[in-house]
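Shown next, in structure tokens, is the structure this report addresses.
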Amino acid sequence: MAKGITPKEENYSQWYNDIVLKADLAENSAVRGSMVIKPYGYAIWEKMQSVLDGMFKETGHENAYFPLFIPKSFFSKEASHVEGFAKECAVVTHYRLKKDEKTGKIVVDEEAKLEEELIVRPTSETIIWDAYKNWIQSYRDLPLLINQWANVVRWEMRTRLFLRTAEFLWQEGHTAHETKAEAIKEAELILGVYADFAEKWMSMPVLQGVKSTNERFAGAIETYCIEALMQDGKALQAGTSHFLGQNFAKAFDVQFLSRENQLEYVWATSWGVSTRLIGALIMSHSDNNGLVLPPKLAPIQVVIVPIYRSEEQLAAISEKVEGIVKELKAKGVSVKFDNRDTRKPGFKFSEWELKGVPVRLAIGPRDLENGTVEVARRDTMEKENLQIADISEKIVHLLEKIQDNIYRKASTFRDDNTFYVDSWEVFKQKIKEGGFVYAHWDGTSETELKIKDETKATVRLIPIDGKKEEGKCIYSGNPSYRRVVFAKAY
RNA sequence: CGGGGUAUGGCCCAGUCCGGUCAAGGCGCCUGCUUUGGGAGCAGGAGAUCGUAAGUUCGAAUCUUACUACCCCGACCA
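In this text, residue positions in the first sequence follow numbering that gives the first Met the number 0: the first is 0, and each later residue adds one.
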């Protein structure tokens, strides 16, 4: 057991916090609900960014940047949008400070009151659609496929590192299309990108579907989402993609001349994933020894720890290691030689395990003699001694195996905690225990809210490729023609 | 935002009820030596106006009030 990490069986929340802090991913800052993302945590985000950014560009999107501040009046143009976000907006009212004559303290200069208050963006639809109005005149300007990497602020009541903070980093795509069908296709395309990223890069299996009315994004016609199951049996929404219909086009008067020379409102989408993905990553794979990272997103994929007594031994080992490092780098593997003389090997082992480095090599005098190296994998904690000769090839292979194994492990966990339920009693029991519960639902908000009241579970999603199946709503007994996924959620 | 809890060197914390050599201990940090195949040992050393601000008092980590932050449980949410 790693020092300082609360076992997750004992207290899951504490376990999560311990990992974030001890693995040096992030810490709380002086500002309530806002976190400092530390270099190791930020390195993971950078990896995620770079992969996702590539995927967005691959699908025809371009990056741009829109302002942090949004005039309050913009915000109120789309009714359900304001309503959805009003309760969690930070508002800028003044633009100057001054020194108080009496106390000598810095105070807000009341004379520097803004004519129109500014909202710190909780999301950017409004400021972006205000700009799009001028960019779009003709069907020839469409589709408009733009993404931005940004920070947003949502004044949350209760925050948790990475999972929910007042300020967080994300990307938000905002697209405009000629037709409804095209916009829906875009929203679905991005959902596929997100699912692909979650599964192939994060090794995190996800369900894909659409949200119920209650869970839908404020201002959307349809919200698509990916949902993952965390190790405590709670669901985590990992990404969303919205079909916005013509809501924002109408609110901001974005019209274009169609091929038929008709003035029409454009069709919109928006979509985003955030630093919450790092929380999802932690909760998908990590164990009581600390973080477990999928090789494809690990800032350091291989760490090499030398074991030596004398300077001469270190020199000999270093020479050997240099060759391995070179080979690994040539194969695109990120590798760190931990030759700090200030730490003992045992300490380094624990530290890198805590930080989730997928593969550790240890080389000592015995290995030099035998031409071997000790290879330890983080996911299974297994160790074996391998010949040093073709080690880089074996490691590349091993990294793939680990990527695959943790996906399978997470998949098995999800399958073991997925239930098909037809009785209300069993439903309550399964929800209490945690997991995804497939059950019939009459499709009404009223029923969903009642179920939430009684069990804390919500409709996580309505499966996209859900089979039609006659049944009766688990709660109301009214007819239903498909199962939806219920779970308690983060 | 409601309920509960916490705040003392970088970290974990004793001391707070009952005000007066009380700022203790452990980890970490620095120096030296010995060590190095799973979180090393010994010796020496540095580091705290006790969350912030007022107040009570001859005297406050300790009592009072306000504020701030964090944690847990709810409601809300990516």
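All C-beta atoms in this analysis are idealised placements derived from N, C-alpha and C, irrespective of residue type, glycine included.
Status (buried if at least 16 other CB within 10 Å, exposed otherwise) for residue i
{"i": "residue 24", "result": "buried"}
{"i": "residue 246", "result": "buried"}
{"i": "residue 284", "result": "buried"}
{"i": "residue 402", "result": "buried"}
{"i": "residue 194", "result": "buried"}
{"i": "residue 96", "result": "exposed"}
{"i": "residue 310", "result": "exposed"}
{"i": "residue 362", "result": "buried"}
{"i": "residue 406", "result": "buried"}
{"i": "residue 384", "result": "exposed"}
{"i": "residue 213", "result": "exposed"}
{"i": "residue 0", "result": "Only weak support exists for where residue 0 lies, its pLDDT of 47 falling under 50; the coordinates are left without a value."}
{"i": "residue 30", "result": "exposed"}
{"i": "residue 463", "result": "exposed"}
{"i": "residue 236", "result": "buried"}
{"i": "residue 35", "result": "exposed"}
{"i": "residue 134", "result": "exposed"}
{"i": "residue 261", "result": "exposed"}
{"i": "residue 486", "result": "buried"}
{"i": "residue 365", "result": "exposed"}
{"i": "residue 93", "result": "exposed"}
{"i": "residue 331", "result": "exposed"}
Nearest residue (CA-CA) to residue i, options the options
{"i": "residue 231", "options": "281, 214, 272 and 190", "result": "281"}
{"i": "residue 492", "options": "255, 366 and 397", "result": "As displayed, the chain neither begins before 0 nor continues past 489, which places residue 492 out of reach and without an answer."}
{"i": "residue 185", "options": "472, 139 and 242", "result": "242"}
{"i": "residue 351", "options": "335, 481, 467 and 9", "result": "335"}
{"i": "residue 435", "options": "229, 468 and 480", "result": "229"}
{"i": "residue 180", "options": "142, 169, 216 and 199", "result": "142"}
{"i": "residue 207", "options": "348, 465, 161 and 422", "result": "465"}
{"i": "residue 322", "options": "303, 18 and 239", "result": "303"}
{"i": "residue 203", "options": "234, 337, 329 and 176", "result": "234"}
{"i": "residue 78", "options": "92, 393, 477 and 218", "result": "218"}
{"i": "residue 227", "options": "8, 410, 13 and 68", "result": "410"}
{"i": "residue 386", "options": "440, 369 and 28", "result": "369"}
{"i": "residue 494", "options": "63, 426, 437 and 130", "result": "In the structure displayed, the chain extends from 0 to 489; residue 494 sits before or after that span and is not available."}
{"i": "residue 358", "options": "312, 297, 9 and 18", "result": "297"}
{"i": "residue 503", "options": "82, 349 and 278", "result": "The structure shown has nothing for residue 503, since the chain only spans 0 to 489."}
{"i": "residue 20", "options": "353, 388 and 484", "result": "353"}
{"i": "residue 264", "options": "153, 140 and 197", "result": "140"}
{"i": "residue 58", "options": "187, 395 and 158", "result": "187"}
{"i": "residue 480", "options": "488, 459, 458 and 441", "result": "441"}
{"i": "residue 73", "options": "85, 426 and 423", "result": "85"}
{"i": "residue 240", "options": "177, 173 and 196", "result": "173"}
{"i": "residue 450", "options": "342, 238 and 484", "result": "484"}
{"i": "residue 274", "options": "132, 68 and 148", "result": "148"}
{"i": "residue 32", "options": "12, 121 and 153", "result": "153"}
{"i": "residue 422", "options": "408, 439 and 414", "result": "439"}
{"i": "residue 69", "options": "82, 115, 367 and 478", "result": "115"}
{"i": "residue 328", "options": "10, 317, 392 and 98", "result": "392"}
CB-CB length for residue i against residue j, believed under 8 Å
{"i": "residue 525", "j": "residue 118", "result": "Residue 525 lies beyond the stretch modelled for the chain, which goes from 0 to 489, so this question has no answer here."}
{"i": "residue 305", "j": "residue 320", "result": "7 Å"}
{"i": "residue 4", "j": "residue 287", "result": "6 Å"}
{"i": "residue 378", "j": "residue 291", "result": "6 Å"}
{"i": "residue 347", "j": "residue 340", "result": "At roughly 11 Å, the Cβ-Cβ gap does not stay under 8 Å, so residue 347 and residue 340 are not in contact."}
{"i": "residue 171", "j": "residue 87", "result": "That belief does not hold up - the Cβ atoms of residue 171 and residue 87 are roughly 16 Å apart, past 8 Å."}
{"i": "residue 373", "j": "residue 360", "result": "7 Å"}
{"i": "residue 65", "j": "residue 111", "result": "Not really, about 25 Å apart at Cβ, beyond 8 Å."}
{"i": "residue 201", "j": "residue 313", "result": "Residue 201 to residue 313, Cβ: 37 Å. No contact."}
{"i": "residue 289", "j": "residue 238", "result": "Not quite, the Cβ-Cβ distance comes to about 26 Å (not below 8 Å), so this is no contact."}
Exercise. If we count Cβ pairs, one from each stretch, closer than 8 Å, do we get three or more for the stretch 421-435 versus the stretch 445-456?
Worked result: The stretch 421-435 vs the stretch 445-456: in contact.
For this session: Could you tell me which uninterrupted alpha helix (DSSP H) segments, each at least 4 residues in length, are contained entirely in the stretch 177-206, listed from first to last along the chain?
Result: For the stretch 177-206, whole alpha helix (DSSP H) runs of length 4 or above, ordered along the chain, are 179-195.
Problem set entry | the stretch 261-268 in contact with the stretch 163-170 per 3-pair CB rule at 8 Å | These segments do not touch.
Exercise. Enumerated in chain order, which unbroken segments of the beta strand (DSSP E) with a length of 3 residues or greater are wholly contained in the stretch 271-338?
Worked result: Listed in chain order, the complete beta strand (DSSP E) runs (minimum 3 residues) inside the stretch 271-338 are 301-305 and 334-336.
For this session: Take every Cβ of the stretch 44-53, pair it with every Cβ of the stretch 211-222, and state whether three or more of those distances are shorter than 8 Å.
Result: Taking 8 Å as the limit for Cβ pairs, the verdict is that the stretch 211-222 does not touch the stretch 44-53.
Problem set entry | Sufficient close CB pairs (3 or more, under 8 Å) joining the stretch 38-48 to the stretch 9-24 | Yes: the two stretches touch, three or more of their Cβ pairs being nearer than 8 Å.
Exercise. Along the chain, which unbroken stretches of the beta strand (DSSP E) at least 3 residues long are found entirely within the stretch 420-458?
Worked result: Listed in chain order, the complete beta strand (DSSP E) runs (minimum 3 residues) inside the stretch 420-458 are 435-439.
Problem set entry | Touching by the beta-carbon criterion (3+ pairs, under 8 Å), the stretch 96-115 and the stretch 53-68 | In short, these stretches do not touch, since the Cβ pair count stays below three.
Problem set entry | Ordered list of beta strand (DSSP E) runs contained in the stretch 359-399, each at least 3 residues | Runs of the beta strand (DSSP E) inside the stretch 359-399: 371-376 and 382-386.
Exercise. Taking one C-beta from the stretch 247-257 and one from the stretch 119-130 each time, how about it: are there three or more such pairs within less than 8 Å?
Worked result: Yes, the stretch 247-257 is in contact with the stretch 119-130.
Problem set entry | Meets three-Cβ-pair contact criterion under 8 Å: the stretch 473-489 and the stretch 443-451 | Between the stretch 473-489 and the stretch 443-451 there are three or more C-beta pairs closer than 8 Å, enough to call the two in contact.
For this session: At 4 residues or longer, and completely inside the stretch 52-103: list those alpha helix (DSSP H) runs for me, N to C.
Result: Runs found: 71-74 and 78-84.
Exercise. At which residue ranges does the stretch 25-52 contain complete alpha helix (DSSP H) runs of 4 or more residues, listed in the order of the chain?
Worked result: DSSP assignment within the stretch 25-52 yields no whole alpha helix (DSSP H) run of 4 residues or more.
Problem set entry | Continuous alpha helix (DSSP H) assignments of at least 4 residues falling wholly in the stretch 222-259 | Every alpha helix (DSSP H) stretch that sits fully inside the stretch 222-259 and reaches 4 residues is listed by chain position as 246-250.
For this session: For the stretch 116-173, list the alpha helix (DSSP H) runs that are entirely contained and at least 4 residues long, ordered along the chain.
Result: Complete alpha helix (DSSP H) runs here, min 4: 124-134.
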